[in-house]
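In this text, residue positions in the sequence shown follow our numbering: the first is 5, and each later residue adds one. Where is the CB? At the ideal position from N, CA and C, for every residue including glycine. One structure is given below, encoded as structure tokens.
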Amino acid sequence: MTLQCQSLLKMGYQKPVNFLEAGELVISEDADDQTLGILISQIDYIRNLSSVETVEEFHAEIMQILTGLGFSDYALICKTGVGTIEAPHSSLPDELFKAYEDEGYCRFDMVLDYIHCGIGDPILLSMVTDTIKSSPVMTYTFKKNEEILELYNSYGVSNAYIIPVRSTKKFSQDRGVLTVMAIGMDDAEFRVKAKRYGPLLKVLADAISFFNEQRFNHIKPENEIKPKALRLLSTMAKFDLSLAEAADDLCISLDTANKHMALAKKALGTGSQAHAVYLAIRKGLIQL
């Protein structure tokens, strides 16, 4: 968060009577208007995201901002130190990330390789396709990235705007990306929209990354999830059971199971039961 934003927040920023929406200012041909639009948006994004209390509210606020700009989906994706990825906040199906992990695509993903070289400029996912097509030879890495693109396409993701972000923690070199999509939109239209709202999306990406770490990423699941909650997650995972079925198998009431699940989801930073089970497996908290 910039000092300029902090000072404006302290003063209690008010929109003037003739206020133009920040999005209109950003796409203005006047450079000063563009700068002002980005600053106003940064203030609004920080204020709105800082006001949420739960993961669900955080997700809802992100979706409201993105749909207001004409986009449909997003994913904050972070590369872990053990060669896997995490998507702490996403509107995409958990099955997509599970399929990605099952195939071990993290080792070959050109997008992750790009951000590993340092925080660069935002790119389009289609640039990976362009790079592969323009190469005179097909390599194993290229082949794996074609498979990754096919996986994305199977979930309706034909293109995406990818914004690199870096951890705000001191001395940390952790990197990730905020990926923004408009599923169902014509590719040419998406490219125009991504270029038009790129500066706003970069501001939003930084804000999401900041609040993810400050508010939702500080919990250590292995210290916070109680054994009974882990037993519930383990039962659901091992026998492919629903919450109600697992409760019956463990001879506990559905109300008790719901309480265990609520604690587990909070500790793991997700609003989905299926994602909680998936993350517990990924983090080694339960075994199949």
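Excluding the 5 residues flanking A250 on each side, which residues of the same chain have their C-beta closer than 8 Å to its C-beta? L236, T239, M240, F243 and A261
Give me whichever residues DSSP pairs with L182 in a beta bridge. In the DSSP output, where bridge partners are listed per residue, L182 has L80 and I167.
Which residue wins for smallest C-alpha separation from F194, given the options F214, C121 and Y165? Answer by Cα proximity: Y165.
Selection from T183, V281, A271 and T274 that minimises the alpha carbon distance to S246: V281
Check P231 in the structure and name its three-state DSSP category. If DSSP states are grouped into helix, strand and coil, P231 belongs with the helices.
In terms of DSSP beta bridges, what is H93 paired with? L80
C255 to K232, Cα distance in whole Å? 12 Å
From the DSSP output, read off the bridge partner residues of I127. I166
Would you please state the rounded distance, in angstroms, between the beta carbons of S213 and G180? I believe it to be under 8 Å. 7 Å
Cβ-based burial, C121 [other Cβ within 10 Å; buried from 16]: exposed
Excluding sequence positions up to five away, which residues of its chain have a Cβ less than 7 Å from the Cβ of A103? L155
Test item: CB-CB of L258 and I229 under 8 Å: no
Grab the span of the alpha helix (DSSP H) containing M358 for me, first residue to last. Shown here, the chain extends from 5 to 292; a query on residue 358 therefore has no answer.
Give the straight-line distance between the Cα atoms of P203 and A248, rounded to the nearest whole angstrom. 46 Å
Mind checking which residues open and close the alpha helix (DSSP H) that includes R286? Q277 to R286
Does the CB of L116 have a neighbour CB from chain D at under 8 Å? Protein chains in the displayed structure number just one, and chain D is not present.
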